[in-house]
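Just below is one structure, and these are the notes that go with it.
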Amino acid sequence: MKPIHLLAGAAALLASTALVQAEDMAALEAAAKEEGMLTTIALPHSWCGYGEVIAGFKEKYPDIEVNELNPDAGSADELEAIRANVGNTGPQAPDVIDVGLSFGPQAKEEGLLQPYKVATWDDIPASVKDADGYWYADYYGVMSFMVNKDLVMDTPTDWGDLLKPDYVGQVALAGDPRASNQAILSVLAAGMAAGGAAGQEAGEKGLEYFKEMNANGNFVPVIGKAGTLAQGATPIVVMWDYNALAARDTLAGNPPVDVVVPDSGVLAGVYVQAISAHAPHPNAAKLWMEYLYSDEGQNLWLKGYCHPARFNAMAEAGVIPQELIDALPPAEAYAKAYFPTLDEQGANKDAVTAGWDAVVGANVQ
126 MKPIHLLAGA
136 AALLASTALV
146 QAEDMAALEA
156 AAKEEGMLTT
166 IALPHSWCGY
176 GEVIAGFKEK
186 YPDIEVNELN
196 PDAGSADELE
206 AIRANVGNTG
216 PQAPDVIDVG
226 LSFGPQAKEE
236 GLLQPYKVAT
246 WDDIPASVKD
256 ADGYWYADYY
266 GVMSFMVNKD
276 LVMDTPTDWG
286 DLLKPDYVGQ
296 VALAGDPRAS
306 NQAILSVLAA
316 GMAAGGAAGQ
326 EAGEKGLEYF
336 KEMNANGNFV
346 PVIGKAGTLA
356 QGATPIVVMW
366 DYNALAARDT
376 LAGNPPVDVV
386 VPDSGVLAGV
396 YVQAISAHAP
406 HPNAAKLWME
416 YLYSDEGQNL
426 WLKGYCHPAR
436 FNAMAEAGVI
446 PQELIDALPP
456 AEAYAKAYFP
466 TLDEQGANKD
476 AVTAGWDAVV
486 GANVQ
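Set out below in structure tokens:
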């Protein structure tokens, strides 16, 4: 790994936020190879097909080592990793982050990000990107229930079902709702199903919902994942559909798994990519972004059951393999999905992170 101040020539020319032109790619690749490393954080290989995404990047750029930090970190942990490593050019400083939508503007406001616009910038919907290129959507999914059919006889179909006596000691979130975007938005979805308007009201209703679930003995304060579901520790896990579908495939019938999009409170969640303002390997970070937003990278996310940011443009251009579209759940499962605004997500996040301990009182870990 080369110290940043030794990078010369082409690397210095790539600091602008302008769209990368085809003739610039060779220079970007050369600068990234000179840095020799890319440090990611919070990218479990089962999440959104990231295992194949990372493998594809390594195969394409074998001269760049991919240093993976804390795959199970939440969005708040990713921002803290940047803060904690300002001035550190070692392997603990992340170059890039993948966080929930509401964390993008927060990180920009704190000065934690640097702007960069990928070559396919125009394909990313304006509503889910920062106009100056500090952060932009990468993919989205909807909240679902992953159910162990060996242990759960009657699969729940809606949020209200999870409060029933049938599910005592069975329901878990896929993260800590004080730090994990996935868990924070699970609370929002539950609150919307309870009649709350997206934002603070749904966040507060969601907290009351989980307070009742905890009091009933249904809530399990363990971070749920494929392993805990298979072991029986968390027979029902609330998580993004793409994580649940990937876990179902991985478990391959042992145990059999149902993935259910609830009848109400169907919430879509957008995640965003960004480059750290303090990235030790800024050009490797930019090359990573170019890979993610290429047809190849976007289709690998789709293979992992995530709807990539460029999905509509790629579908119109006919560059999505039909088998990837056929592998997705039916379109009607997404028809009722609600995409909360940044303000609604921010208000919900504030309500949930500030109120979880006092209202619900379950220490998820």
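Just so we're aligned, residue 126 is where the sequence shown starts under my numbering, counting upward by one.
Backbone N, C-alpha and C define an ideal beta-carbon position, used for all residues, glycine too.
Remember, predicted model here, so these are calculated numbers, not experimental data.
Contact defined as beta carbons within less than 8 Å: I believe Ala410 pairs with Asp220. What is the distance between those atoms, to the nearest angstrom? 4 Å
Using the beta-carbon count (16 or more within 10 Å), is Ala232 buried or exposed? buried
Using beta-carbon positions only, say whether Gln325 and Ala479 come within less than 8 Å of one another. no
Leaving out the 5 sequence neighbours to the left and right, which residues in its chain are closer than 7 Å to Pro230 when beta-carbon positions are compared? Leu467
Quick one: Cα of Asp248 to Cα of Gly486, how far? 43 Å
Which residues in the same chain as Pro381 place their Cβ atom closer than 7 Å to its Cβ, once the five residues preceding and following it in sequence are excluded? Lys274, Asp275
At 4 residues or longer, what runs of the alpha helix (DSSP H) sit wholly inside the region 288–341? 306–318, 325–341
Are Gly294 and Val345 touching if we call contact CB-CB under 8 Å? yes
Look up Gly486 in the DSSP assignment and say whether it is helix, strand or coil. coil
Identity of the residues DSSP links to Phe120 by a beta bridge: Beyond the ends of the chain as shown, which are 126 and 490, falls residue 120; an answer cannot be given.
Smallest Cα separation from Leu392: which of Leu354, Glu333, Asn473, His406? Asn473
In angstroms with no decimal places, state the Cα-to-Cα distance between Trp481 and Pro302. 7 Å
Would you mind working out which of Glu177, Met162, Asn408 sits nearest Pro216, comparing C-alpha positions? Met162
N-terminal and C-terminal residue of the beta strand (DSSP E) that Ala399 is part of: 393–401
Between which two residues does the beta strand (DSSP E) harbouring Thr164 extend? 162–166
Determine whether the beta carbon atoms of Asp283 and Asp388 lie at a separation below 8 Å. yes
Confirm, please, whether the CB-CB distance from Gly320 to Glu329 is below 8 Å. no
Tell me which residue opens and which closes the beta strand (DSSP E) that Val178 is part of. Where Val178 is concerned, there is no enclosing beta strand (DSSP E), although the alpha helix (DSSP H) it sits in stretches over 175–185.
Proximity to Arg373 [Cα-Cα], best of Ala452, Ala351, Tyr416: Ala351
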